[in-house]
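In terms of numbering that gives the first Met the number 0, the sequence shown opens at residue 0 and continues consecutively. Note that beta-carbon positions come from the ideal geometry of N, C-alpha and C, so glycine has one too. Nothing here was measured: the structure is a model prediction, and the numbers come from that model. Just below is one structure, and these are the notes that go with it.
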Amino acid sequence: MTNSAIKVLVAAALAAGGLAVTSAPAMAAAGPINYSCGPHINTPRSGQQVDKVGGYNVRLFVKLNAWNGRDIYFVKGYGLRPGDKVSLDWSDTKGRTYHACHGTVHRGRTGAQTWAIDDPGGYRAFRACVKTRSWHCTYWQVGS
């Protein structure tokens, strides 16, 4: 089909009442959006433990009112091997789509952590994940 034929079909469809277009959110597939750590908020030394990845020393933490009055979440992993990964997954769609902020265990180390992500209004969901041979994650936790 030539460009001029396509233009004629589009013009005819618009004249007949328009084209049916699905909105972008309805078309978004479930799963990771990107691998974003957001604004790269420094991870504090400590925080309140929220959840733990079963069978692993990988924990999801929250530090209340830590960044511009907002709560921040971060993941720390211990007792891991070089090449293993920890991830702070964060979502504004209750986990249907999400961002994944990774930290990798480097040579000579046994732990890793992620940058922290803020919760701007108590609606953002978070989970901690670890990848040794495969990924294991906590359930989604909605912010405070």
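So, for residue i: in the same chain, excluding its five sequence neighbours on each side, which residues have a beta-carbon less than 8 Å away from its beta-carbon?
{"i": "P119", "result": "R69"}
Work out the CA separation of residue j and residue i for me, nearest whole Å.
{"i": "F31", "j": "Q47", "result": "Reading the sequence as shown, one finds Pro at residue 31 and not Phe. The alpha-carbon atoms of P31 and Q47 are separated by roughly 26 Å."}
{"i": "D91", "j": "R123", "result": "5 Å"}
{"i": "H101", "j": "V49", "result": "18 Å"}
{"i": "G202", "j": "H39", "result": "The shown model of the chain, from 0 to 143, leaves out residue 202, and the question about it has no answer."}
{"i": "S35", "j": "Y97", "result": "9 Å"}
{"i": "G121", "j": "W66", "result": "14 Å"}
{"i": "W89", "j": "G78", "result": "24 Å"}
{"i": "R80", "j": "L63", "result": "30 Å"}
{"i": "Q112", "j": "W139", "result": "18 Å"}
{"i": "W114", "j": "K130", "result": "17 Å"}
Quick one: is residue i buried, meaning 16 or more other Cβ sit within 10 Å of its Cβ, or exposed?
{"i": "K84", "result": "buried"}
{"i": "W134", "result": "exposed"}
{"i": "K93", "result": "exposed"}
{"i": "V148", "result": "The requested residue 148 is not part of the displayed model; the chain covers only 0 to 143."}
{"i": "K51", "result": "exposed"}
{"i": "S86", "result": "buried"}
{"i": "W126", "result": "Residue 126 is actually Arg in this sequence, not Trp. Buried, because 16 or more other Cβ atoms sit within 10 Å of the Cβ of R126."}
{"i": "R106", "result": "exposed"}
{"i": "R132", "result": "exposed"}
{"i": "T137", "result": "buried"}
{"i": "G76", "result": "buried"}
{"i": "R58", "result": "buried"}
If you run the structure through DSSP and keep just helix, strand and coil, what is residue i?
{"i": "C100", "result": "strand"}
{"i": "V52", "result": "coil"}
{"i": "D83", "result": "coil"}
{"i": "D91", "result": "coil"}
{"i": "C36", "result": "coil"}
{"i": "W134", "result": "strand"}
{"i": "R106", "result": "coil"}
Might you give, ordered along the chain, the residues of its own chain that have their beta carbon closer than 7 Å to the beta carbon of residue i, omitting 5 neighbours on each side?
{"i": "S22", "result": "Here the model assigns S22 a pLDDT of 34, short of 50, so the residue's position is not dependable and the matter cannot be decided."}
{"i": "R108", "result": "P81"}
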